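**Student:** If you read the protein sequences in the order shown, they are chains L and U.
Each residue of the first sequence is one higher than the one before, counting from 1 in the working numbering.
Each residue of the second sequence is one higher than the one before, counting from 1 in the working numbering.
Glycine residues also receive a C-beta, built at the ideal position from the N, C-alpha and C atoms.
All values derive from a computational prediction rather than experimental measurement.
So that we are looking at the same thing, I have put the structure below in structure tokens.
2 protein chains.
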Amino acid sequence: MISAGSGSLKTNKKLQCSLIVELPHYLCRKFLNHMSLLVVGSMAFDAIETPFGKVDKIVGGSGVYLAWSASNFCNDIKQVSIVGGDFPQQELDSLSARGVDMEGVEIVKDGKSFFWSGRYHLDMNTRDTLVTDLNVLAQFNPTLPDSYRDCDIVMLGNLVPAVQISVLKQMRKRPKLVVMDTMNFWMEVAMDDLKEVLTMVDVLMVNDSEARQLSGEHSLVKAALKIQAMGPKYLIIKKGEHGALLFHGKNVFFAPALPLEDVFDPTGAGDTFAGGFVGHLARTQDISFENMKTGIIVGSALASFCVEKFGPNRLQELTKEEIDGRINEFVELVNFDIINVS
Amino acid sequence: MISAGSGSLKTNKKLQCSLIVELPHYLCRKFLNHMSLLVVGSMAFDAIETPFGKVDKIVGGSGVYLAWSASNFCNDIKQVSIVGGDFPQQELDSLSARGVDMEGVEIVKDGKSFFWSGRYHLDMNTRDTLVTDLNVLAQFNPTLPDSYRDCDIVMLGNLVPAVQISVLKQMRKRPKLVVMDTMNFWMEVAMDDLKEVLTMVDVLMVNDSEARQLSGEHSLVKAALKIQAMGPKYLIIKKGEHGALLFHGKNVFFAPALPLEDVFDPTGAGDTFAGGFVGHLARTQDISFENMKTGIIVGSALASFCVEKFGPNRLQELTKEEIDGRINEFVELVNFDIINVS
Numbered sequence: 001m002i003s004a005g006s007g008s009l010k011t012n013k014k015l016q017c018s019l020i021v022e023l024p025h026y027l028c029r030k031f032l033n034h035m036s037l038l039v040v041g042s043m044a045f046d047a048i049e050t051p052f053g054k055v056d057k058i059v060g061g062s063g064v065y066l067a068w069s070a071s072n073f074c075n076d077i078k079q080v081s082i083v084g085g086d087f088p089q090q091e092l093d094s095l096s097a098r099g100v101d102m103e104g105v106e107i108v109k110d111g112k113s114f115f116w117s118g119r120y121h122l123d124m125n126t127r128d129t130l131v132t133d134l135n136v137l138a139q140f141n142p143t144l145p146d147s148y149r150d151c152d153i154v155m156l157g158n159l160v161p162a163v164q165i166s167v168l169k170q171m172r173k174r175p176k177l178v179v180m181d182t183m184n185f186w187m188e189v190a191m192d193d194l195k196e197v198l199t200m201v202d203v204l205m206v207n208d209s210e211a212r213q214l215s216g217e218h219s220l221v222k223a224a225l226k227i228q229a230m231g232p233k234y235l236i237i238k239k240g241e242h243g244a245l246l247f248h249g250k251n252v253f254f255a256p257a258l259p260l261e262d263v264f265d266p267t268g269a270g271d272t273f274a275g276g277f278v279g280h281l282a283r284t285q286d287i288s289f290e291n292m293k294t295g296i297i298v299g300s301a302l303a304s305f306c307v308e309k310f311g312p313n314r315l316q317e318l319t320k321e322e323i324d325g326r327i328n329e330f331v332e333l334v335n336f337d338i339i340n341v342s
Numbered sequence: 001m002i003s004a005g006s007g008s009l010k011t012n013k014k015l016q017c018s019l020i021v022e023l024p025h026y027l028c029r030k031f032l033n034h035m036s037l038l039v040v041g042s043m044a045f046d047a048i049e050t051p052f053g054k055v056d057k058i059v060g061g062s063g064v065y066l067a068w069s070a071s072n073f074c075n076d077i078k079q080v081s082i083v084g085g086d087f088p089q090q091e092l093d094s095l096s097a098r099g100v101d102m103e104g105v106e107i108v109k110d111g112k113s114f115f116w117s118g119r120y121h122l123d124m125n126t127r128d129t130l131v132t133d134l135n136v137l138a139q140f141n142p143t144l145p146d147s148y149r150d151c152d153i154v155m156l157g158n159l160v161p162a163v164q165i166s167v168l169k170q171m172r173k174r175p176k177l178v179v180m181d182t183m184n185f186w187m188e189v190a191m192d193d194l195k196e197v198l199t200m201v202d203v204l205m206v207n208d209s210e211a212r213q214l215s216g217e218h219s220l221v222k223a224a225l226k227i228q229a230m231g232p233k234y235l236i237i238k239k240g241e242h243g244a245l246l247f248h249g250k251n252v253f254f255a256p257a258l259p260l261e262d263v264f265d266p267t268g269a270g271d272t273f274a275g276g277f278v279g280h281l282a283r284t285q286d287i288s289f290e291n292m293k294t295g296i297i298v299g300s301a302l303a304s305f306c307v308e309k310f311g312p313n314r315l316q317e318l319t320k321e322e323i324d325g326r327i328n329e330f331v332e333l334v335n336f337d338i339i340n341v342s
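The following block contains the structure:
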């Protein structure tokens, strides 16, 4: 076992694709075993304005970021979403080519895809939502294809809790792991449904202010205990540029965010983090607390790429070497020697 | 070398005091070599109000926290400060008993000690200053005792930059390491002096908003490069509950803060962090970047004790076992396995 900080990292690390380097990294794992992954999330258009520039129409949505991110690690991904006839077929095809099954993506030919528009403030930590056009997302009530109902891991992107519940109820058996993202909005308008879905999931992902709102506790340690009592036995609290915490019982793990020179566009960073997390768990077929720690580092590394360009663009061009290099930066970032402490 | 995350931590760790456990831990190192440490800072009275309670008069000041914290690790500390006739002799004696030389502490018999009063907000991250009575601190213009002028490490607590410069100019030779704390107030009223002292120091400690103010850069990575160009080759950015960053050239190290169930009183946490940092460097006689990383973990551990009680009370009762246990919590907090990453 190699742990964070081991000086022998680079030489001992397993490079599973080393004999077939001519293949793209997401293909070279095609024949490896991994857990199947069901992903539920929006597929949309975004208009984004940051201090660095703007785009009027770019592909986005939690499901898009989740799938692009997870497909770096596994190629048995079942996508559940809804798009309008305006959604580019090429975008669906690009994901299919990465091993993302599109049978569960409903295409409403005469409808328009979900549209979100936002403007980031100078500090890039806060943003104003300018437009939210639900469009076809307003009628999202997915029926899972039969082949989806045995998936090992279910990743519920941030959506109306009633849809999250419906998806879980359609599974043939209890998945090995259910991971769920949500947001403060649902705490305000659908708390009863949210509480119900919380009883059905294993891992909840929220940011720090959402954890405080959900629990009524300012201390994140106390908030984590209260939220675990609501259902999820694992809680990931995302703190943006300040990293992420994983709580499980009284255990806690902290992963830093990489200090970045520039954050170009934070849109989708949270979903990208989630996609890397579940992608890693699926690939390694290991849903232990110890492996979740590694999954959080993987997710953080993917998120650090996501913010380098507008939309999911940076995620679509990543190489295995880039991912490995970024993960090594995380190892170096927290590596310290304790032989001489006291 | 044992690194953060090694499973063999507990069995391999060097316990230097294991044969003389009947002695207090700060005495059992009496005969070990270490670097001498000069500490400059205020010794004062504080009145503190937090959501958990209040105290009308408790010993405080940066010099008090620095000395209590550092004296857990070395007993050749030269204190430079000024107090009024009202400062309790017993407080000075307690520090003397820990190896803190009080010759450099001026006692103005008919003067009053510096007094600060503050009230913390509910989130404990922000506070209002209610009273600042400089009293004898207004006339602080220290003359270093001769025996102080060869110290290896100088720790300049947060003070008017002109005093920091004066202390450094009185050293017989350039110390091996100069560490400096400062705050936004001096950037506003004494920027020229502050810039001068920056050219004379090796390590600067500021919080994130101060780093941004000093550099004019929002990105902490860019801020760190600009500040290093002003003089200090090492920059520690304290982020409170979000941990601390150490920059040196293009290298960066991140240390988390321990997630705490309750923060009782944050007063002095920054000075306690600094005291643990320099105390560790002095004890180990190692001022390398690698050892500074460990120093930051040690400082973070001490700071996590500081906030558990009002004032410096918790620092005055710490055992070696408690410190070791807390440092192990930091190791566990960031420990992850990377064998299976990608």
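1. Are L:Gly268 and L:Gly325 touching if we call contact CB-CB under 8 Å?
2. Alpha carbons only, please: which of U:Glu322, U:Asp123, U:Ala211, U:Ala255 is nearest the one belonging to U:Gly243?
3. With 16 other CB atoms within 10 Å as the buried threshold, where does L:Arg174 fall?
4. Give me the DSSP bridge partner(s) of L:Val108.
5. Please list, in chain order, the chain L residues whose beta carbon lies closer than 7 Å to that of U:Ile227.
6. Please check if any C-beta of chain U sits within less than 8 Å of the C-beta of L:Glu103.
7. Here's the rule I'm using: 16 or more other beta-carbon atoms within 10 Å means buried, otherwise exposed. How should L:Leu302 be labelled?
8. Buried or exposed: where does U:Lys320 fall if 16 or more other Cβ atoms within 10 Å of its Cβ makes it buried?
9. What are the boundary residues of the beta strand (DSSP E) that includes L:Ser117?
10. Between the stretch 246–274 of chain L and chain U, which residues of the former have a C-beta closer than 7 Å to a C-beta of the latter?
11. Taking L:Glu106 and L:Pro161 to be in contact with their CB atoms under 8 Å, please state how far apart those CB atoms are, rounded to whole angstroms.
12. Looking at the strands, I want to know which residues DSSP matches up with L:Phe45.
13. Give, in chain order, every residue of the stretch 286–298 of chain U whose Cβ lies closer than 9 Å to some Cβ of chain L.
14. Near U:His248, what residues of its chain come up, given a Cβ to Cβ distance below 7 Å and the 5 sequence neighbours on each side ignored?
15. Measure from the C-beta of U:Asp76 to each C-beta in chain L and report whether the shortest distance is under 8 Å.
16. With DSSP as the reference, label L:Val252 as helix, strand or coil.
17. Could you have a look at L:Ile287 and say whether DSSP puts it in helix, strand or coil?
18. When Cβ atoms are compared, which residues of the stretch 203–226 of chain U fall closer than 7 Å to chain L?
19. Our contact map puts L:Val252 next to U:Leu333 with C-beta atoms below 8 Å; I'd like the distance itself, whole angstroms only.
20. Using a Cβ-Cβ cut-off of less than 8 Å, give me the residues of the stretch 317–330 of chain L that come near chain U, in sequence order.
21. Do L:Phe336 and U:Thr294 have their beta-carbon atoms positioned less than 8 Å apart in this structure?
22. Comparing C-alpha positions only, which one of L:Ala138, L:Glu241, L:Glu261, L:Lys250 sits nearest to U:His250?
23. With a threshold of 8 Å between beta carbons, is U:Asp152 in contact with chain L?
24. Any residues in the stretch 34–66 of chain L with a beta carbon nearer than 7 Å to a beta carbon of chain U? Which ones, in chain order?
25. Does DSSP put L:Ile2 in a helix, in a strand, or in coil?
26. Where do the N-terminal and C-terminal ends of the alpha helix (DSSP H) with U:Met343 fall, by residue?
27. For chain L, is any of its Cβ atoms less than 8 Å away from the one on U:Leu333?
28. Which partner residues of L:Asn207 appear in the DSSP bridge assignment?
29. In whole angstroms, what separates the C-alpha of U:Gln164 from that of U:Phe185?
30. Would you please state the rounded distance, in angstroms, between the beta carbons of L:Ser304 and L:Leu258? I believe it to be under 8 Å.
31. So, using beta-carbon positions, are U:Lys78 and U:Tyr148 closer together than 8 Å?
32. For the stretch 232–243 of chain L, which residues have a CB atom closer than 8 Å to at least one CB atom of chain U, in sequence order?
33. Could you name the residues that DSSP lists as bridge partners for U:Val154?
34. If you draw a straight line from the C-alpha of L:Lys112 to the C-alpha of L:Thr132, how long is it?
35. Would DSSP call U:Leu260 helix, strand or coil?
36. What is the DSSP secondary structure of L:Val21, counted as helix, strand or coil?
**Tutor:** Put simply:
1. The answer is no: Cβ separation not under 8 Å.
2. Out of U:Glu322, U:Asp123, U:Ala211, U:Ala255, U:Ala255 has the C-alpha closest to the C-alpha of U:Gly243.
3. exposed
4. L:Gly84
5. Under the 7 Å cutoff, chain L gives no residues; its nearest Cβ is about 14 Å from U:Ile227.
6. no
7. buried
8. buried
9. Counting along the chain, the unbroken beta strand (DSSP E) around L:Ser117 starts and ends at 114–120.
10. Listed in chain order, the positions of the stretch 246–274 of chain L with a beta carbon within less than 7 Å of a beta carbon of chain U are Val252, Phe253, Phe254, Pro256, Pro259, Leu260, Glu261, Asp262.
11. Not quite, the Cβ-Cβ distance comes to about 19 Å (not below 8 Å), so this is no contact.
12. L:Val59, L:Phe115
13. Asp286, Glu290, Asn291, Lys293, Thr294, Ile296, Ile297, Val298
14. Lys233, Tyr234, Phe289
15. For U:Asp76, no Cβ of chain L is located within less than 8 Å of the residue's own Cβ.
16. strand
17. Note: L:Ile287 maps to coil in three-state DSSP.
18. Residues of the stretch 203–226 of chain U with a C-beta less than 7 Å from any C-beta of chain L: His218, Ser219, Leu220, Val221, Lys222, listed in chain order.
19. 6 Å
20. If the cut-off is 8 Å between Cβ atoms, the stretch 317–330 of chain L has Lys320, Ile323, Asp324, Ile327 near chain U.
21. yes
22. Looking at the sequence provided, one finds Lys at residue 250 of chain U rather than His. Nearest option by C-alpha distance: L:Glu261.
23. no
24. Under the 7 Å Cβ criterion, the stretch 34–66 of chain L contributes no residue.
25. Reliability of the predicted coordinates at L:Ile2 is poor, the pLDDT of 36 falling under 50, and no value is obtained from them.
26. Because chain U spans 1 through 342 in this model, residue 343 of chain U falls outside it and cannot be assessed.
27. yes
28. Per DSSP, the beta bridge partners of L:Asn207 are L:Lys238.
29. Going by the C-alpha atoms only, they are around 15 Å apart.
30. 5 Å
31. Taking 8 Å as the cut-off, the Cβ atoms of U:Lys78 and U:Tyr148 count as close.
32. Lys239, His242, Gly243
33. Its beta-bridge partners are U:Leu38, U:Val178.
34. 13 Å
35. coil
36. Confidence in L:Val21 is poor, its pLDDT being 32 and thus under 50, which makes the residue's placement too unreliable to answer from.
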